[in-house]
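Trainee:
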Ligand SMILES: Nc1ncnc2c1ncn2[C@@H]1O[C@H](COP(=O)(O)OP(=O)(O)OP(=O)(O)O)[C@@H](O)[C@H]1O
Ligand SMILES: *[C@@H]1O[C@H](CO)[C@@H](O)[C@H](O)[C@H]1NC(C)=O
Ligand SMILES: *[C@@H]1O[C@H](CO)[C@@H](O)[C@H](O)[C@H]1NC(C)=O
Ligand SMILES: [Mg+2]
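In full-length UniProt numbering, the protein residues as written are 1 to 304.
#1: Indicate, with yes or no, if ligand 4 has a heavy atom lying under 7 Å from the CB of residue 82.
#2: Write down the C-beta distance between residue 45 and residue 199 rounded to the nearest angstrom, noting that I regard them as a contact closer than 8 Å.
#3: Leaving out the 5 sequence neighbours to the left and right, which residues in its chain are closer than 7 Å to residue 56 when beta-carbon positions are compared?
#4: Cβ of residue 97 within 7 Å of any heavy atom in ligand 2?
#5: Between 107, 283, 274 and 278, which has its C-alpha nearest residue 301's C-alpha?
#6: Figure out for me which residue from 245, 207 and 130 has the closest Cα to the Cα of residue 175.
#7: Flag this pair as touching only if the region 178-192 and the region 141-150 have three or more C-beta atom pairs under 8 Å; answer yes or no.
#8: Rounded to whole angstroms, what's the CA-CA distance from residue 133 to residue 103? Just pull it up for me.
#9: With respect to 7 Å, is the separation between the Cβ of residue 135 and the closest non-hydrogen atom of ligand 3 below this value?
#10: Do you know offhand how far residue 149's Cα is from residue 105's?
#11: Beta-carbon separation of residue 292 and residue 83 under 8 Å?
#12: Would the region 246-260 and the region 149-161 be scored as touching if the rule is three or more Cβ pairs under 8 Å?
#13: Closest to residue 124 by CA distance: which of 196, 154 and 78 is it?
#14: If I follow the unbroken alpha helix (DSSP H) through residue 54, where does it start and stop?
#15: Please state the DSSP three-state secondary structure of residue 205.
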């Protein structure tokens with residue numbers, strides 16, 4: 001585990017510089033242009049993600065006294081960029097990114113593996129969040145793979161998410177919570193496909209087209225960590241962030257980025273071949289990558 005602020009005094013001070021600016025370390029909205037540029041340049045095929053994340057982050061950072069923490073929930077099928085975007089965001093917000101002592105990353109398989117120990121996990125999780133928020137109100141909590149999270153565990157977080165709850169001795173309203181899951185992914189894919197068939201461009205897909213299906217999916221799925229959870233019922237999620245399935249030309253862009261990153265030559269033939277080697281759905285039209293860009297990096301080695 002990471003413990004924030006080993007010395008009593010400097011914790012608050014170093015906490016304040018945790019939210020870094022573009023050039024100088026400071027809290028405030030000035031990271032936004034940089035983040036927006038990075039998203040616009042490097043995140044492919046996710047107009048709603050860019051819009052929702054920027055809206056959430058901007059509103060939150062521009063407000064010196066938020067009434068509640070920022071709560072975002074990322075949904076989408078595998079390889080569409082959920083982990084990618086969350087680490088990018090964290091990198092802009094915190095010096096040392098995911099390594100920052102103010103960033104807490106929970107993965108159910110690592111942190112909460114045994115269903116029979118759920119009561120103990122609830123206690124630990126509550127104490128961790130409370131302890132870490134006492135050290136630094138500007139902390140971020142990432143809950144990855146929410147669909148593998150034991151239903152019920154998430155309910156202990158609820159007191160930290162709302163505007164009116166009293167959490168003793170902490171300035172919890174400045175925290176950021178990000179939930180990540182595949183839940184709702186199938187619904188997002190189906191809606192995107194249906195809209196494509198209705199000749200609606202993915203840029204025209206609105207949040208309203210997707211949000212009802214996502215909420216229903218995560219709330220009503222007994223496998224989901226959100227199952228019947230108060231988080232949905234009490235509308236504690238400020239920003240639902242849907243990740244659309246990626247098309248062939250997006251995958252090609254991922255291949256190009258990956259080649260550049262690995263310092264390899266960008267040959268059009270290789271880009272095409274790597275993108276072609278990935279499975280697409282539905283069976284007839286083969287429109288969307290079944291694994292997004294997830295396997296791109298590992299596939300490249302086969303072509304060199
Ligand atoms: N929309 C995207 N734009 C650019 N690169 C992407 C995008 N989606 C995925 N990638 C690339 O593919 C890799 C895998 O994506 P990522 O790990 O973010 O998927 P994920 O949505 O978290 O999947 P999972 O649900 O399986 O965890 C990323 O590291 C990134 O390089
Ligand atoms: C903060 O959270 C981590 C888990 O990320 C945990 O190990 C640690 O004990 C927590 N710190 C406090 C002070 O509760
Ligand atoms: C998505 O579409 C497929 C194929 O039409 C269907 O079998 C599946 O039940 C749909 N899933 C959801 C969650 O709507
Ligand atoms: Mg992921």
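C-beta atoms are modelled at their ideal positions from N, C-alpha and C, and glycine is treated no differently.
Mentor: Judging by the given coordinates:
#1: Checking the Cβ of residue 82 against ligand 4 gives yes.
#2: About 18 Å separates the CB atoms of residue 45 and residue 199; that is not less than 8 Å, and the two are not in contact.
#3: For residue 56, where only same-chain residues beyond five positions count, the Cβ hits under 7 Å are 70, 72, 238 and 239.
#4: No; taking the cut-off as 7 Å, the Cβ of residue 97 has no heavy atom of ligand 2 nearer than that.
#5: Per the Cα distances, 274.
#6: That would be 130, whose Cα lies nearest to the Cα of residue 175.
#7: Taking 8 Å as the limit for Cβ pairs, the verdict is that the region 141-150 does touch the region 178-192.
#8: Using only the alpha carbons, I get a separation of about 11 Å.
#9: Exclusion of residue 135 from the 7 Å shell around ligand 3 follows from its C-beta lying no nearer than that to any non-hydrogen atom of the ligand.
#10: Straight-line Cα distance between these residues: approximately 13 Å.
#11: Here residue 292 is not near residue 83, since their CB atoms are 8 Å or more apart.
#12: These segments do not touch.
#13: The candidate whose alpha carbon is nearest that of residue 124 is 154.
#14: Per DSSP, residue 54 belongs to the alpha helix (DSSP H) from 47-62.
#15: Note: residue 205 maps to coil in three-state DSSP.
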